[in-house]
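Novice: My questions will all concern the structure given below.
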Amino acid sequence: MTTADHRFSSRVRWLVRLGYWSALLGGLTLPWILMLGFDHFVRNVPWRLAWRSFYLHLFAPGYNFFLIGLLNVVSFVLLAIIILFHLGKAPLSDPPKVRQRAWALATAGLTMIGVSAWTHVSVLIHPDAQGGLVYFFLPVTLFICLSAGYAAGWLAAKWLRHGAHRHET
Amino acid sequence: MNPSTPSPGPLSSREIGFHLLGLALFIALLALWFWFSTGARAVPRLIALLKEADASSRIIAAEQLGHIGSPAVAASPALIEQATNDPSQHANTTAAAALKSIDLLAARQVIDHYLPLLKDRNAQLRRTACAVLGSLGPVAKPAVPALVDLAKDPDELVRRNALTALAGIGLPSAIVTEALIAGLHDSESFVRHAAVAQFAFGYPLAPEADAALRALASDPDGTIAALAKTALERHIRNGPSEVQALTMLVREPMRRDYALFQLARLGPAAGAAMPAILGILHDERPLHRYLAAEALAAIGLGGTEVLSALQQARNDPDPIVEQSVEEAISLLSERGRKAPP
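Protein sequences appear in the order of chains H and E. Each residue of the first sequence is one higher than the one before, counting from 106 in our numbering. Each residue of the second sequence is one higher than the one before, counting from 11 in our numbering.
The structure is reproduced here in structure tokens:
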């Protein structure tokens, strides 16, 4: 293995580990971070009080922030497993293929983060009892985002690859 | 592996296995966190929260304790203290509401504390007493006569709170319904609003209320008129299917108290739900057993099967349920004697 190959392999390994654990921890904590941020920046609640209120409502009936975190993380667990196997077992002998997979997974993850953040912020801006129902549809919505994001990223990477190839020739 | 041969992938199977193990640990940690923070395990932490200086902590702790139910019985003394002596009315009402699900005897202690306050000269104390008694729901049935009197109080906020409390207690439904119908004619718009809102959102619509609600549908206050229309439409929409739906809900433990309460408030119209209610007389939660006995008494159809089920439930470990069963037996037996052969 050349030094360049070794560096490429290390980078991909690092990317897989980062993507895997970011998907798991980020998926769980994203709604909680948004809730705390919304309390502090929009409602002008000091950090200490925002944290206290958040902690009190984690398991409170009717709020159950813990459950919201769980409903959010379900699709991110799936993303993490896909990252682990799809990128973790990508053929290092074919770097363009590895890059294409990485782009596809990154696009899927970013789409999921975007849609998830938008959903949580919408519920925080318009709080009502029916609004909470959106959390039960969130895993399915994020699963669709995963598939659509992956397809979009894969196609974009392929198009860029062909574009670069045409430019070279 | 020879360092010169390229690896088939960036991660070895062993490393993937470790990551999957990490995921399993992550899930296990979340499960443990949930387990320690809910149910009876959370009671000591929640009791500590009841002693916090911050009112919102006390309110949320009381709500969670109520959700836990009977296993949170160790919190009863602290909840009684909060229900009776906390300076925040919201903290009083949430503690009282929790007690009805945890300990019926403790709930009755709260009633005993607030009953004299219904006649206090201080209007604010009368308002708080109404709110707390209403939050106790049907367990506060002994407070109904005093609350009916308060529905004619000179203070309009007391009248409003009394009507809301009566709707929350709901039993005996004939007396409560009469008071709510009288509230529909109140001179103060927000008292009428409180009364009509009960019929619009949950309180069973008695035929006697129909005329008053039709009149309110053209109330100068647009919100009241809209609520009156909602109440009338709800009645048409629900019809007899309401009993059927509530009977199904009785079988769901999470919605059982609501379903039993609604059936009790429907009275004789809920006769078809009796077989489902009989099974609840031996439920593990005292509140459910209490509501089952109250519902059977309210429905008032004392067949042999009903009386025999009530006789079997006579020696209930909870004295409040026992008293309710005794009352139901004597009421149904008396009706049986009076009924034509």
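C-beta: ideal position from N, C-alpha, C; glycine also. Note that the structure is predicted; figures quoted are calculated from it, not measured.
Could you spell out the range, first to last residue, of the alpha helix (DSSP H) harbouring E:Ile26?
Specialist: Position 16 of the second sequence, counted from the first residue, corresponds to residue 26 of chain E. Unbroken alpha helix (DSSP H) run through E:Ile26: 23 to 47.
Novice: Using 10 angstroms around the beta-carbon of E:Glu252, count the other beta-carbons present and answer buried if the total reaches 16, otherwise exposed.
Specialist: Numbered from its first residue, the second sequence carries residue 252 of chain E at position 242. With 16 or more other Cβ atoms within 10 Å, it is buried.
Novice: Does any heavy atom of the ligand SAM sit closer than 8 Å to the C-beta of H:Lys202?
Specialist: Judged by which ligands are present, the structure shown has none, so any question about the ligand SAM falls away.
Novice: Going along chain H, which residues have a C-beta under 8 Å from E:Glu73?
Specialist: Looking up residue 73 of chain E in the second sequence gives position 63. Ala165, Pro166, Gly167, listed in chain order.
Novice: Please return the same chain residues whose Cβ sits closer than 7 Å to the Cβ of H:Ala185, not counting the five positions on each side in sequence.
Specialist: For this step, residue 185 of chain H is matched to residue 80 along the first sequence. Taken in chain order, the residues that qualify are Tyr125, Ala128, Leu129.
Novice: What residues from chain H crowd round E:Ser66, counting only those whose CB sits closer than 8 Å?
Specialist: Start at 1 with the first residue of the second sequence, and residue 66 of chain E comes out as number 56. Within chain H, the residues near E:Ser66 are Ser158, Leu161.
Novice: From E:Ala210 to H:Ala261, what does the alpha carbon distance come to, in whole angstroms?
Specialist: Against the second sequence, residue 210 of chain E aligns to sequence position 200. Against the first sequence, residue 261 of chain H aligns to sequence position 156. If you take the alpha carbons of E:Ala210 and H:Ala261, they lie about 55 Å apart.
Novice: How do the segment 98 to 116 of chain E and the segment 60 to 77 of chain E stand: do at least 3 beta-carbon pairs fall below 8 Å, yes or no?
Specialist: Yes, since at least three Cβ pairs between the segment 98 to 116 of chain E and the segment 60 to 77 of chain E fall closer than 8 Å, the two stretches touch.
Novice: Under a three-way DSSP split, which group does E:Tyr124 fall into?
Specialist: Counted from its first residue, the second sequence places residue 124 of chain E at position 114. It is helical.
Novice: Can you give me the start and stop residues for the alpha helix (DSSP H) that E:Gln208 sits inside?
Specialist: Locating residue 208 of chain E in the second sequence gives position 198, counting from the first residue. Element bounds for E:Gln208: 199 to 210.
Novice: I want to see whether chain H comes within less than 9 Å of E:Ala236, judged by CB atoms only; does it?
Specialist: For the purposes of this step, residue 236 of chain E is taken as the residue at position 226 of the second sequence. False, the Cβ-Cβ gap to chain H never drops below 9 Å.
Novice: Restricting to runs no shorter than 4 residues, where is the alpha helix (DSSP H) found entirely within the segment 139 to 227 of chain E?
Specialist: Listed in chain order, they are 154 to 160, 166 to 179, 183 to 194, 199 to 210, 217 to 226.
Novice: Using three-state DSSP, classify E:His292 as helix, strand or coil.
Specialist: The residue labelled residue 292 of chain E in the question sits at position 282 within the second sequence. DSSP places E:His292 in helix when its eight states are reduced to three.
Novice: Using a Cβ-Cβ cutoff of 9 Å, what residues of the segment 30 to 48 of chain E are near chain H? List them in chain order.
Specialist: Hits within the stretch, in order: Leu30, Gly32, Leu33, Phe36, Ile37, Leu40, Trp43, Phe44, Ser47, Thr48.
Novice: Three-state secondary structure (DSSP) at H:Phe242?
Specialist: Here residue 242 of chain H corresponds to residue number 137 of the first sequence, with the count starting at 1. Helix, per DSSP.
Novice: Please check if any C-beta of chain E sits within less than 9 Å of the C-beta of H:Leu133.
Specialist: Within the first sequence, the letter at position 28 stands for residue 133 of chain H. Interface residue, yes.
Novice: Which of helix, strand or coil does DSSP assign to E:Pro54?
Specialist: The residue you call residue 54 of chain E lines up with position 44 of the second sequence. Looking at E:Pro54 - three-state DSSP - the assignment turns out to be helix.
Novice: State yes or no: is the C-beta of E:Leu301 within less than 9 Å of the C-beta of E:Pro148?
Specialist: Your numbering for residue 301 of chain E matches position 291 in the second sequence. Your numbering for residue 148 of chain E matches position 138 in the second sequence. Result yes, Cβ atoms of E:Leu301 and E:Pro148 sit closer than 9 Å.
Novice: I'd like the list of long-range same chain contacts for E:Gly180, defined as Cβ closer than 8 Å, with 5 residues on each side in sequence excluded.
Specialist: For the purposes of this step, residue 180 of chain E is taken as the residue at position 170 of the second sequence. Cβ neighbours of E:Gly180 beyond the five flanking positions: Gly147, Pro148, Val186, Tyr213, Phe271, Ala274, Arg275.
Novice: When DSSP labels each residue in this structure, what does H:Val150 get in the three-state scheme?
Specialist: What you label residue 150 of chain H is simply residue 45 of the first sequence in a count that begins at 1. Coil, per DSSP.
Novice: Taking C-beta to C-beta, are E:Gly178 and E:Ala205 nearer than 9 Å?
Specialist: Start at 1 with the first residue of the second sequence, and residue 178 of chain E comes out as number 168. Start at 1 with the first residue of the second sequence, and residue 205 of chain E comes out as number 195. Result no, Cβ atoms of E:Gly178 and E:Ala205 do not sit closer than 9 Å.
Novice: Excluding the 5 residues preceding and the 5 following H:Leu120 in the sequence, name in chain order all residues of the same chain whose CB lies nearer than 8 Å to its CB.
Specialist: Stepping through the first sequence from its first residue, residue 120 of chain H is reached at position 15. Excluding sequence neighbours, H:Leu120 sits near Leu192, Ala207.
Novice: With a threshold of 8 Å on Cβ separation, who are the neighbours of H:Val150 within its own chain once the five nearest residues in sequence on each side are excluded?
Specialist: Here residue 150 of chain H refers to the residue found at position 45 of the first sequence. Excluding positions up to five away in sequence, the list reads Asp144, Ser158.
Novice: Count the other CB atoms within 10 Å of the CB of E:Arg347; is the residue buried (16 or more) or exposed (fewer)?
Specialist: Mapped onto the second sequence, residue 347 of chain E falls at position 337. With fewer than 16 other Cβ atoms within 10 Å, it is exposed.
Novice: According to a CB-to-CB cut-off of less than 9 Å, which residues of the segment 185 to 196 of chain H neighbour chain E?
Specialist: Against chain E - using a Cβ distance shorter than 9 Å - the residues of the segment 185 to 196 of chain H are Ala185, Ile186, Leu189, Phe190, Leu192, Gly193, Lys194, Ala195, Pro196.
Novice: Count the other CB atoms, across all protein chains shown, that sit within 10 Å of the CB of E:Pro13; report buried if there are 16 or more and exposed otherwise.
Specialist: Mapped onto the second sequence, residue 13 of chain E falls at position 3. Here E:Pro13 scores only 46 on pLDDT, less than 50, and its place in the model should not be relied on; the value that follows carries that caveat. So E:Pro13 ends up on the exposed side.
Novice: By Cβ distance below 8 Å, which residues in the same chain neighbour H:Pro200 in space, the five residues on each side in sequence not counted?
Specialist: In the first sequence, counting from the first residue as 1, residue 200 of chain H sits at position 95. Around H:Pro200: Phe113.
Novice: Grab me the residues of E:Arg324's own chain with a C-beta within less than 8 Å of its C-beta, minus the 5 sequence neighbours each way, in chain order.
Specialist: Taking the second sequence and counting its residues from 1, one reaches residue 324 of chain E at position 314. If we look at E:Arg324 and ignore the five residues flanking it on each side, its Cβ neighbours are Glu332, Val335, Glu336, Ile339.
Novice: Specify, as a first and last residue, the run of the alpha helix (DSSP H) that E:Lys110 falls within.
Specialist: Position 100 of the second sequence holds residue 110 of chain E. It spans 99 to 112 - the alpha helix (DSSP H) in which E:Lys110 sits, taken as one unbroken run.
Novice: Tell me, please, whether the CB atom of H:Leu175 is closer than 9 Å to any CB atom in chain E?
Specialist: Position 70 of the first sequence, counted from the start, is the residue given in the question as residue 175 of chain H. It does; some Cβ of chain E falls within 9 Å.
Novice: Using a Cβ-Cβ cutoff of less than 6 Å, which residues in the same chain neighbour H:Leu197 once the five nearest sequence positions on both sides are dropped?
Specialist: Residue numbering aside, residue 197 of chain H sits at position 92 when the first sequence is read from its first letter. For H:Leu197, where only same-chain residues beyond five positions count, the Cβ hits under 6 Å are Ser114.
Novice: Should E:Ala44 and H:Phe241 be called a contact, given that it needs their Cβ atoms to be closer than 9 Å?
Specialist: The residue you call residue 44 of chain E lines up with position 34 of the second sequence. The residue you call residue 241 of chain H lines up with position 136 of the first sequence. Contrary to the premise, residue 44 of chain E reads as Phe rather than Ala in this sequence. Their beta carbons are not under 9 Å apart, which means E:Phe44 does not touch H:Phe241 by this criterion.
Novice: Could you tell me the boundaries of the alpha helix (DSSP H) in which H:Arg122 lies?
Specialist: Here residue 122 of chain H corresponds to residue number 17 of the first sequence, with the count starting at 1. Looking at the DSSP string, the run of the alpha helix (DSSP H) that includes H:Arg122 is 108 to 142.
Novice: For a test of the three-state rule: what should DSSP assign to E:Gly232, helix, strand or coil?
Specialist: Counting from 1 along the second sequence, the entry for residue 232 of chain E is found at position 222. Three-state DSSP puts E:Gly232 in a helix.
Novice: Would you grab the beta carbon distance between H:Ser221 and H:Asn177 for me? Rounded to a whole angstrom, and I think it's under 8 Å.
Specialist: Here residue 221 of chain H corresponds to residue number 116 of the first sequence, with the count starting at 1. Here residue 177 of chain H corresponds to residue number 72 of the first sequence, with the count starting at 1. Yes, H:Ser221 and H:Asn177 are in contact; Cβ-Cβ is about 6 Å, under 8 Å.
Novice: Chain H partners of E:His77, CB-CB under 8 Å?
Specialist: Stepping through the second sequence from its first residue, residue 77 of chain E is reached at position 67. Ordered by position in chain H, the residues that pass the 8 Å Cβ test against E:His77 are Pro166.
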